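For reference, the structure is listed below as structure tokens.
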Amino acid sequence: MATHDEPGRPGDSAVEMNELVLPTHTNALGTIFGGQIMAWIDICAAMAAMRHARVQCVTASMDALDFIAPVRLGELVNLKAMVNFVGRTSLEVGVRVEAEDLHSGERRHTASAYLTFVAIAADGTAIPVRGLAPSTPSERLRYEEAEARRQQRLALAHERARLRAAHADRSEPDA
Ligand SMILES: CC(C)(COP(=O)(O)OP(=O)(O)OC[C@H]1O[C@@H](n2cnc3c(N)ncnc32)[C@H](O)[C@@H]1OP(=O)(O)O)[C@@H](O)C(=O)NCCC(=O)NCCS
5 MATHDEPGRP
15 GDSAVEMNEL
25 VLPTHTNALG
35 TIFGGQIMAW
45 IDICAAMAAM
55 RHARVQCVTA
65 SMDALDFIAP
75 VRLGELVNLK
85 AMVNFVGRTS
95 LEVGVRVEAE
105 DLHSGERRHT
115 ASAYLTFVAI
125 AADGTAIPVR
135 GLAPSTPSER
145 LRYEEAEARR
155 QQRLALAHER
165 ARLRAAHADR
175 SEPDA
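First residue of the sequence shown? That's 5 in the working numbering, and the numbers climb one at a time after it.
Put into structure tokens, the structure is as follows:
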């Protein structure tokens with residue numbers, strides 16, 4: 005068995021979760037609240053992140069969350085999560101959500117999301133996480149796509165910091 009220091013395989017972090025859509029999860033139209041799907045996505049992704057890191061991980065951000073189709077009362081929601089990419093202390097997890105009509109068996113892709121988690125120590129500071137070793141063509145593609153998204157996130161964060169600093173310099177002193 006691999007130790008928790010050696011690079012892990014994306015497939016070993018895979019988590020699958022099923023939920024039944026109950027009346028408390030739905031709005032007046034009988035379809036699920038987006039926030040409920042987000043909560044399940046967060047839980048499923050956190051399990052995949054910690055399965056890889058084997059330490060406590062916290063959600064740093066959720067991006068590219070696309071709601072593709074509504075999910076109805078009484079349907080089964082299936083979530084699949086896997087670590088796509090590992091930085092120094094952060095991990096990107098991809099989640100795919102499908103809904104299944106339990107009577108017909110029809111399945112629909114209803115949402116997808118990418119989340120970044122950060123591995124933390126007991127005092128809440130970020131700590132290094134073991135590497136990731138993609139080995140199949142689809143794992144390598146997901147790794148490279150996740151790396152590109154990370155570059156975009158870092159560039160956006162850099163630009164936001166630059167704009168805030170520029171506005172702080174220009175702001176009027178308090179009366
Ligand atoms: C996430 C958290 C630990 C990051 O702390 P920090 O002091 O900003 O850490 P650093 O600047 O050293 O960055 C650590 C890593 O997080 C990444 N990161 C930080 N903020 C991020 C964000 N908003 N989105 C994506 N990645 C982020 C950095 O890129 C870095 O990645 P790397 O080590 O792989 O290069 C801190 O912001 C935090 O505790 N947030 C609250 C988390 C929380 O309560 N989540 C909800 C409940 S679980």
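The C-beta atom is built at its ideal place from N, Cα and C for all residues, glycine as well. Note that the coordinates shown come from a computational prediction; the quantities given were computed from them, not determined experimentally.
Pick from the options that is closest to residue i, judged by C-alpha positions
i: L106; options: N22, E10 and R13; result: N22
i: V25; options: I36, N31 and A32; result: I36
i: A150; options: A115, D67 and M51; result: D67
i: H56; options: A152, R154, A169 and F121; result: F121
i: V99; options: T114, S108, A172 and A161; result: T114
i: R154; options: A137, C61 and S65; result: S65
i: A123; options: L136, V59 and R157; result: V59
i: T140; options: D9, M42 and D16; result: D16
i: D9; options: S142, A137, T28 and A159; result: A137
i: A117; options: R168, A165 and G38; result: G38
i: C48; options: E20, P27, L33 and A125; result: E20
i: Q40; options: L160, T28 and A169; result: T28
i: K84; options: L119, G109, S108 and E110; result: L119
Residue i: CB within 8 Å of a non-hydrogen atom of ligand 2
i: I47; result: Ligand 2 is absent from the structure shown, which contains only ligand 1.
Strand pairing of residue i, partner residues [DSSP]
i: N82; result: N22 and E102
i: R76; result: T35
i: S94; result: V122
i: G12; result: L136
i: T30; result: I36
i: A50; result: Per DSSP, none; premise fails for A50.
i: A130; result: I124
Nearest-angstrom beta carbon gap, residue j and residue i [assumed within contact, 8 Å]
i: P14; j: N88; result: 7 Å
i: L80; j: E104; result: 4 Å
i: T30; j: D46; result: So it is not a contact: roughly 19 Å between Cβ atoms.
i: V97; j: M86; result: 7 Å
i: A50; j: C61; result: 6 Å
i: A18; j: A52; result: 7 Å
Extent of the continuous beta strand (DSSP E) to which residue i belongs
i: D70; result: C61 to F71
i: R112; result: R111 to A123
Endpoints, the alpha helix (DSSP H) within which residue i is located
i: S142; result: P141 to R174
* Could you tell me whether the region 91–99 touches the region 125–135, using the rule of 3 or more Cβ pairs below 8 Å? => yes
* Are the region 143–150 and the region 68–76 in contact at 8 Å, needing three or more beta carbon pairs? -> no
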